[in-house]
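Everything below concerns the one structure shown next.
Residue numbers (the numbering used here): 196 to 608.
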């Protein structure tokens, strides 16, 4: 009898551990996934892709370009309904609302951005049982992820939308126990680190205003750095102190620095719609840190779509020729292949095991082989009735897709 009880106890522990691993494997807690790089560890691609995906549920959520985040069998979304921004938690299994918290978020659109939505644009971050959201007007909120209770809020507003057309767009990141956000407009801005539990400021770097990019964090030249694009430059900031380590000019005619940087070894790869794609190696010398150009490829220029690495190769969607899927050598910058063009004006890209996933703004989900010879689509699915500008989220054998007005869960099975 004692042996049986011991066996049952061990079995229960093993089951709980397995369930915890499964839940953790499905967590998508921030912009572009666990490591902010669009590379998936948990997606289970089928041996053969089906003719159609299965829609598990679909719920009306309102507008916005923020993408959902996932943890502990819940999905969280930041969206807009009329003059309010709404933060909602859903059951992954059913789409049922667990909690929903609206707050006033008026936003005056710029006349040159009439085709764009009114946000929110920033993807939340989940950390330590809290959900952190950054609204289109610069309102930063901390919610209890379990209950939706507001823990604290800071307003970094007073944005000039003649200077920051589409409002705040960077997605916050938690690093070294601090919540890091980038705020401001073209008149100037700051990268600020806060205590996640209280919202108290820990450090601040003041300089250029933000572009529309989101930062990444990496160990470069022996230092932990927050690397991001401002409206006019590329910067590396010490994660611990906020000290500026290096800065490179990266001007754009409309201050549209949108693409998330990609870290490849000790190099940082950045791209702009009018700048092409460039790799910089970060080094430390007698006079401090600096970033030196390694290569530049003017034939690949990304606008809003951030690329993904697969080993020594970079895949993505260039904005040239009305949209070209491409593969380039991340070590040399040489183009390996590119499609003829007219692929569309946007796609979110994921490296999902043995395949690449592209979700276009026209609601096409494309599964493609990781080919060095050319673009090789394996399957194509229509996954929404309206535009899909929000980033694709994939986990297990499922996809969360946010369109202009709704959130849907699709499954391979």
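Cβ atoms here follow ideal geometry from the backbone N, Cα and C, with glycine treated the same way.
Computed from a prediction, not measured in an experiment: that's the story for all the values here.
Legend entry - Beta carbon of residue 476 nearer than 8 Å to that of residue 461: yes
Inset, instruction - Check whether the Cβ atoms of residue 320 and residue 378 lie closer than 8 Å to each other. - result: no
Legend entry - Contact under 8 Å by Cβ, residue 145 with residue 239: Coverage of the chain is limited to positions 196 through 608, which leaves residue 145 absent and any answer about it impossible.
Inset, instruction - Determine, using beta carbons only, whether residue 290 comes closer than 8 Å to chain D. - result: This model lacks chain D altogether, as it is built from one protein chain only.
Inset, instruction - Report whether the distance from the Cβ of residue 245 to the nearest heavy atom of the ligand NAD is below 7 Å. - result: Looking for the ligand NAD in the displayed structure turns up nothing, as the structure carries no ligands at all.
Legend entry - Distance between residue 424 and residue 483 (C-alpha atoms, nearest Å): 20 Å
Legend entry - Residue(s) in a DSSP beta bridge with residue 540: Beta-bridge pairing links residue 540 to no other residue.
Legend entry - Proximity to residue 271 [Cα-Cα], best of 580, 428 and 342: 342
Legend entry - Counted within 10 angstroms of its Cβ, other Cβ atoms place residue 436 as buried (16 or more) or exposed: exposed
Inset, instruction - Taking only the alpha-carbon atoms, compute the straight-line gap between residue 300 and residue 478 and give it to the nearest angstrom. - result: 43 Å
Legend entry - residue 501 vs residue 458 beta-carbon contact at 8 Å: no
Inset, instruction - Tell whether a beta-carbon distance below 8 Å holds between residue 265 and residue 594. - result: no
Inset, instruction - Measure the Cβ-Cβ separation of residue 391 and residue 324 and say whether it is below 8 Å. - result: no
Legend entry - Three-state secondary structure assigned by DSSP to residue 469: coil
Inset, instruction - Please state if the CB of residue 521 and the CB of residue 513 are separated by a distance shorter than 8 Å. - result: yes
Legend entry - Neighbourhood of residue 201 by C-beta, 6 Å cutoff - its chain only, sequence neighbours within 5 removed: In this predicted model, residue 201 has a pLDDT of only 45, less than 50, meaning its place in the structure is not dependable; the value taken from the coordinates is given anyway. Answer for residue 201: no residue qualifies.
Inset, instruction - Taking the CB atoms as reference points, tell me whether residue 408 and residue 454 lie closer together than 8 Å. - result: yes
Legend entry - Cβ distance (whole Å) where residue 332 is taken to contact residue 258 below 8 Å: Wrong, their Cβ atoms sit about 15 Å apart, outside the cutoff.
Legend entry - Runs of beta strand (DSSP E) wholly within the stretch 252 to 280 (minimum 3 residues, chain order): 264 to 266 and 269 to 276
Legend entry - Best match in 519, 530, 558 and 511 for proximity to residue 550 [C-alpha to C-alpha]: 511
Legend entry - Selected residue, minimal CA-CA separation from residue 350, among 387, 339 and 565: 387
Legend entry - Own chain, CB closer than 6 Å to residue 249, minus 5 neighbours either side, in chain order: 606
Legend entry - For residue 600, three-class secondary structure by DSSP: coil
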